[in-house]
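Written out below as structure tokens is the structure these notes cover.
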Amino acid sequence: DTGTLAHDLPNYLREQGGEKSDCSLRPFPVSFAQLGWDHWIIAPHRYNPRYCKGACPHLLRYDYHAPNHAVVQSFVHQLVDANVPRPSCVPYRYSPISVLMIERNGGILYKEYENMIAESCTCR
Amino acid sequence: SPLHPGSLPAVPTLPLLQALQTRAPGSPGWRVGPSSGQPLRYMLNLYRRAADREGRPRRGRSLGTNTIRLVQASSHGGQPWAGRWYMQPLTYLLEGQPEAEHLLRATVVYLPSLPLARGRLLCALELVAAGKTPGLLLSPTARPRRGWAEVDVTPYLALGNSSVRSLALQHVCVRAGRAGGGHDAPVLPSRPFLLLYLNDTQAGLAPPAAEPHRHRR
Chain A
170 DTGTLAHDLP
180 NYLREQGGEK
190 SDCSLRPFPV
200 SFAQLGWDHW
210 IIAPHRYNPR
220 YCKGACPHLL
230 RYDYHAPNHA
240 VVQSFVHQLV
250 DANVPRPSCV
260 PYRYSPISVL
270 MIERNGGILY
280 KEYENMIAES
290 CTCR
Chain B
424 SPLHPGSLPA
434 VPTLPLLQAL
444 QTRAPGSPGW
454 RVGPSSGQPL
464 RYMLNLYRRA
474 ADREGRPRRG
484 RSLGTNTIRL
494 VQASSHGGQP
504 WAGRWYMQPL
514 TYLLEGQPEA
524 EHLLRATVVY
534 LPSLPLARGR
544 LLCALELVAA
554 GKTPGLLLSP
564 TARPRRGWAE
574 VDVTPYLALG
584 NSSVRSLALQ
594 HVCVRAGRAG
604 GGHDAPVLPS
614 RPFLLLYLND
624 TQAGLAPPAA
634 EPHRHRR
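If you're matching them up, the sequences are chains A and B in order. Counting in the working numbering, the first sequence runs from 170 upward without gaps. Counting in the working numbering, the second sequence runs from 424 upward without gaps.
Here it is, written out as structure tokens:
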């Protein structure tokens with residue numbers, strides 16, 4: 170059956186209405202001014218953590234960096250038991266963010282928070 | 424814009440907002456009067472060298488640490504001016520540093536020379552004698568022709584395992600140059616500030632696990 174899957178990929182993409190419905194990175198900008206925190210969070214002015222959303226395709230393309238388990242789970246969903254969900258679209262790589270803020274005692278703090286901005290997505 | 428202050432949930436869901444909310448104004452212990460002036464400009468320049476507009480640390484421009492804390496001095500004592508001399512005792516309070524932040528380096532940043540209407544004001548820093556540590560004049564690690572100078576005070580803060588609660592310095596300046604006929608307006612040299620270069624071993628956001636570690640039965 171996997172052979173047939175490979176053959177119907179073009180149809181599958183067309184049927185899904187193009188790229189945007191695929192698992193991909195989406196923006197989610199938050200402005201500290203909106204939160205009323207810009208008088209003590211000095212920089213950055215904006216924080217865009219981004220997020221991943223979309224359907225994981227039947228055939229997980231190589232650039233998704235999906236683990237083998239995700240490939241197996243996709244087949245199980247497609248060929249064995251649809252109750253087993255398809256792999257989920259989640260962040261794959263992150264980058265840190267640096268924040269400059271004023272502390273309660275009047276000091277000024279520069280801090281890097283790890284894994285704060287999603288840089289890419291995977292299916293797993 | 425997805426969020427409006429008016430529609431903020433009681434507990435923000437974004438991890439960064441949760442962590443930052445614990446530091447927000449109005450939370451207990453917040454003292455009015457955020458920093459301004461030269462310390463703020465210094466840290467803003469430092470930030471712009473290290474991170475882009477989106478807040479992402481610049482590649483290859485790392486500061487070598489993930490946390491830098493600027494501590495302002497509290498001054499005490501009477502009139503700092505005596506003739507041509509300016510002597511200001513300064514104390515930097517170090518209590519309340521989070522345990523996860525480990526000190527890598529500490530420097531005090533000050534202006535060694537300030538232009539006056541007539542002549543210059545030359546400044547230096549002295550370590551105030553405390554306990555077994557004798558007082559001494561601190562020499563800057565680099566001698567810039569203009570602008571800020573840094574003196575390394577790491578040895579006086581990282582005393583073995585005991586945590587030092589405060590650092591006491593003396594900011595000493597002298598008016599150099601031709602003595603003018605008239606009376607120079609009193610100058611207040613900008614106050615030196617302490618920079619703590621720290622390694623935060625919990626640079627994440629989630630507070631330490633509140634539950635004790637449970638062993639598998």
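For every residue, glycine included, the Cβ atom is placed at its ideal position computed from N, Cα and C.
A residue is called buried once 16 or more other Cβ atoms fall within 10 Å of its Cβ, and Asn489/B is buried on that count.
In the displayed model, Ala547/B falls within a strand according to three-state DSSP.
The Cβ of Tyr533/B sits no closer than 8 Å to any Cβ of chain A. Contact between Tyr533/B and Leu590/B fails: their C-beta atoms lie close to 13 Å from each other, not under 8 Å.
Contact of Gly483/B with chain A is not assigned, every C-beta pair being separated by 8 Å or more. Counting every other CB atom within 10 Å of its CB across the protein chains shown gives Thr564/B a total below 16, marking it as exposed. Using a Cβ distance threshold of 8 Å, Arg588/B and Leu517/B count as a contacting pair. Here Ser562/B is exposed, its C-beta having fewer than 16 other C-beta atoms within 10 Å.
Annotated as distal: Arg219/A and Val259/A, with beta-carbon spacing of 8 Å or more. Going by beta carbons, Pro256/A and Cys221/A fall outside the 8 Å limit. For the pair Ile266/A and Glu477/B, the Cα-to-Cα distance works out to about 8 Å. Sequence-distant partners of Arg569/B (beyond 5 residues in either direction) whose C-beta falls short of 8 Å from its own C-beta, in its chain, are Ser536. Leaving aside the five residues that flank Val240/A on each side, the residues in its chain whose CB is nearer than 6 Å to its CB run, in chain order, Leu229. Judged by their CB atoms, Val597/B and Glu549/B are not nearer to each other than the 8 Å cut-off. Under the 10 Å beta carbon count, Arg479/B is surrounded by 16 or more other beta carbons and is classified as buried. Our two residues, Ala572/B and Ser193/A, have alpha carbons roughly 48 Å apart in a direct line.
Your pair Leu526/B and Leu580/B checks out as a contact, with CB atoms roughly 6 Å apart and the cut at 8 Å. Taking CB atoms only, Gln495/B has a neighbour in chain A less than 8 Å away.
Taking Leu544/B as reference, the option from Arg482/B, Arg507/B and Asp623/B with the minimal CA-CA separation is Arg507/B.
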